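Numbering (this note's numbering), first residue to last: 447 to 836.
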C-alpha cells in the first residue's frame, strides 16, 4: 500500500525521495524520525501523523484540514520553552495502532494543497530548534525508525473507509472488527440491514435465506437490479452477496432457512439480526439465541390500509443475550398486529433497518445511550415519533 501511494502521488513520492521516513498505518500517513527539543533541552525524535484524504485506495485528494497529530513529548525551543500557539488537543487515539500525544493547529494563509506542504510546514516548526542545537540533526536522514509493531489494523473491507477517516471516528469503528454477524431473512428490512452492516469492518456477515429475488423484492430493497435478474430465478442471497462482496470480504452465504438441523450454526455468531415473518420458526430461533446467550435484534413492520391512507408501525427489539428468561414481546400480539398485512414499502423497511443498526451500534457503545435503554423501540407513522416500550 505504501509503495502504491508513493508511485501514484507526487507529494508522497517527494517526501520519500527527499529521504523522509514515511509510513502508512490505518489510513494515516506517518512521518517518522522528526527531531525536536523537549523541556530539558534534549534532542528527541517523534512522528507526525495525519489522515489521508483517499480518493480510492491509492490516489489522494488535497488535505481536508490543517490539523496534524504528533507522537512524542511536547516540542520546545532551544531554551526548553514550549512552542506556543500550536496546541489543539492531547492524547488523541486515531486507531488501536496510532496513539498520538498531541494535535497541532497552525494554518498558513494559503492553507495546504498537498501533503508534502502540510508535513514540511509542521516539520519546520518542530525541528528548527533541534537544528539550532545540532545543525546535523535533520529529519530526512533516512534512518530506520519504527514506532509501530503493526503495519495496519485488521481490515475486512476491500478498500479504506475514508468516510471514517475524514470524520475522525476510525477508532470507534474498530470495536466491530472481530465481530461475526448473522442476518436471518434477506427481505426488505433484512437487505437494508445488510447494506448498513456491510459498511462496517465486522469480520464476517452470515446470510440466511432461500427465497428467489423477485420483482416485488426490487421495490423494497436497496439498489436497482437489472430486469434480466428478475427473469433468472436468482436467489436473494446470491444477488445480495454479489453486490456487497464488492465492498466487504467477509460475506458468507447460507442459501437455506434456519431449522432444527442447522440452527447450531448460530452459536458461532456474536450477534444476530432476525428479519423473518414465519412466527414458529422465528420463536424457535429466539429461544435458541436466548438459551445460548447470543445477543440479537428482532425487527418487524406493519403497514395497514385505513381508507385511502396507510398506517405504519416499525418495531426493533433487542435482547442482550445475558438473560435467557427475558421475553421480547407477546408472539401472538406480534402475529395479529404486525405481520397480518403483507404491505411493505422501501422507506419503512429502510427505517426498520436503520433503527435496528443504530440500536446495535448503541449496544456496543458507538452511539450514546444516556438512559441505558435497550428494550423495544417502535416507530408509528402517526404521530411520527419513536417510542420506547418499557
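Ideal placement from N, C-alpha and C gives every residue a C-beta, glycine not left out.
Please read these numbers as outputs of a predicted model, since none were measured by experiment.
- For residue 515, the enclosing beta strand (DSSP E) covers residues 513-517.
- DSSP places residue 757 outside any alpha helix (DSSP H); the residue lies instead in the beta strand (DSSP E), whose first and last residues are 755-765.
- Pairwise C-beta distances place the segment 645-655 out of contact with the segment 668-678, as fewer than three of them are shorter than 8 Å.
- With a beta-carbon spacing of about 6 Å, residue 577 and residue 583 fall inside the 8 Å limit used to define contacts.
- By the C-beta density criterion, residue 662 is exposed, having fewer than 16 other C-beta atoms within 10 angstroms.
- Boundaries for residue 624: no beta strand (DSSP E) harbours it, and the DSSP string shows neither H nor E there.
- The beta carbons of residue 483 and residue 521 sit about 7 Å from each other, so the pair counts as a contact at 8 Å.
- Rounded to the nearest angstrom, the gap between the Cα atoms of residue 687 and residue 707 is 24 Å.
- The segment 620-629 and the segment 704-721 touch, with three or more beta-carbon pairs separated by less than 8 Å.
- If you compare the alpha carbons of 797, 463 and 454 with that of residue 502, the shortest gap goes to 454.
- Between residue 509 and residue 524, the CB-CB gap reaches or exceeds 8 Å.
- In this structure, the CA atom of residue 634 is about 8 Å from the CA atom of residue 796.
- Looking at the DSSP output, residue 469 shares a beta bridge with 476.
- Per DSSP, the unbroken alpha helix (DSSP H) holding residue 726 starts and ends at 725-737.
- Shown here, residue 675 sits in a helix according to DSSP, grouped into three states.
- In the structure shown, residue 522 adopts extended strand secondary structure according to DSSP, grouped into three states.
- Annotated as distal: residue 804 and residue 747, with beta-carbon spacing of 8 Å or more.
- Residue range 544-551 is occupied by the beta strand (DSSP E) that includes residue 547, with no alpha helix (DSSP H) assigned at that position.
- Looking only at 674, 685, 623 and 755, the smallest Cα-Cα distance to residue 637 is reached by 685.
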